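Notes follow the structure.
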Amino acid sequence: MAGVRSCPSCGESEELRGEPVDGDIKVTCLACDTQWMRGGLRCAHCGGQDIVHRPQAMTRHSRGTQLSIIGWRELPLCRTCDADALETSISQNIPVPSDYVAACLGVAQTPVAPAAPRHQAPPSDTSVLKPAPPAAPKPATAAAPAPRARPQRTRPKAARAPSTAPTVRQAIAAFMGEASGQADATAMLLLGTHLGSHNRLSVLEEEGVAERLADWCDGYWGDNSDRARRAVGTICRAVDFWGARGWLSSDPAARLRPEPPHRGGPVQ
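Going by the numbering used here, the sequence shown runs without a break in its numbering and finishes at 312.
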């Protein structure tokens with residue numbers, strides 16, 4: 045990482061010499077003659093500088109098992125030590141999983157829990173205990189009648205409130221959790237920012253939203269390239285996903301879908 049205080053080659057931490065070069069500091073190890081720039085980003089595992097940044101969703105489980113996205117960050121990945129995670133993220137165009145710990149940042153060490161104290165058995169008494177004399181039988185008494193069990197009072201159950209549409213953030217998280225690798229995570233991130241992640245998904249039910257959504261998509265992906273078609277297709281798939289779950293009653297992506305070809309009659 046930046047500003048390492050030991051040589052990434054031999055581990056020497058004392059015999060190091062630095063000299064300023066172009067606004068940075070070039071560090072030379074006097075033990076093995078290895079040189080590196082102090083200000084450059086380096087992998088904490090191998091010391092390499094071939095670092096690539098990929099988006100990672102920072103998530104939390106706020107209510108039971110319901111997943112809520114609370115933000116995104118750029119995660120540095122080493123091409124050597126984080127090769128598997130980097131290849132999967134780039135090839136499938138998906139963010140790095142939220143629970144992944146990059147080797148470039150250093151693997152988090154789990155603290156060792158202290159061992160539970162052992163309970164020592166009390167020393168056995170070697171003396172032979174005499175058996176206690178049998179207790180005298182108690183005179184039989186008439187059993188008192190058991191009190192009648194009173195029926196438990198139950199509180200009336202409150203009627204459930206009608207289900208409401210989830211927030212834009214929750215709806216996007218649900219779609220990305222079940223979408224295949226063809227989903228464009230960048231397009232969904234931009235859509236969530238445009239709609240407002242804290243707003244309800246019913247914002248897509250407002251009047252004229254289909255025209256506004258089409259104009260907004262045309263501003264980002266109006267060149268009809270492969271990347272643009274993939275982004276618009278992801279938004280249409282997300283709208284279908286939300287409609288299948290009853291979160292939307294209309295189709296706000298109607299103007300984004302290609303029009304079916306018209307079948308005309310025979311030419312006279």
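C-beta atoms are modelled at their ideal positions from N, C-alpha and C, and glycine is treated no differently.
Just so it is clear, the structure is predicted and the values come from calculations on it, not from any experiment.
Using 8 Å as the threshold, is the segment 289-302 in touch with the segment 249-258, meaning 3 or more CB pairs across them? yes
Exposed or buried, Gly240, counting other C-beta atoms within 10 Å across all chains shown (16 or more means buried)? exposed
Suppose you measure from the CA of Thr211 to the CA of Leu233; what does that come to, to the nearest Å? 14 Å
Could you tell me whether the Cβ atoms of Arg123 and Val96 are closer together than 8 Å? yes
Would you tell me roughly how many angstroms separate the C-alpha atoms of Leu292 and Tyr144, rounded to the nearest one? 33 Å
Is there at least one non-hydrogen atom of the ligand FAD closer than 7 Å to the beta-carbon of Gly263? You won't find the ligand FAD in this model; it holds no ligand whatsoever.
Would you mind sorting Pro52 into buried or exposed? The rule is 16 or more other CB atoms within 10 Å of its CB. buried
Note down the Cα distance separating Glu222 from Arg213, rounded to an integer number of angstroms. 15 Å
Start and end residues, beta strand (DSSP E) containing Cys73: 68-73
Check whether Ser135 and Gln100 have beta carbons under 8 Å apart: In this structure, Ser135 keeps its C-beta atom at 8 Å or more from the C-beta atom of Gln100.
Simplified DSSP state of Gln62, which is helix, strand or coil: Contrary to the premise, residue 62 reads as Gly rather than Gln in this sequence. The answer is strand: DSSP assigns Gly62 an E or B state.
Is Ala275 near Ala229, with beta carbons less than 8 Å apart? no
Quick check on the burial criterion: 16 or more other C-beta atoms within 10 angstroms. Buried or exposed for Met220? buried
Quick check on Trp116: does DSSP put it in helix, strand or coil? In this structure, Trp116 counts as strand in the three-state DSSP scheme.
On the CB-based measure, 16 or more other CB atoms within 10 Å of its CB, does Ala215 come out buried or exposed? buried
Taking the straight line between their C-alpha atoms, what separation do you get for His238 and Cys125? Cα to Cα, the separation comes out at about 36 Å.
Tell whether a beta-carbon distance below 8 Å holds between Leu245 and Ala209. yes
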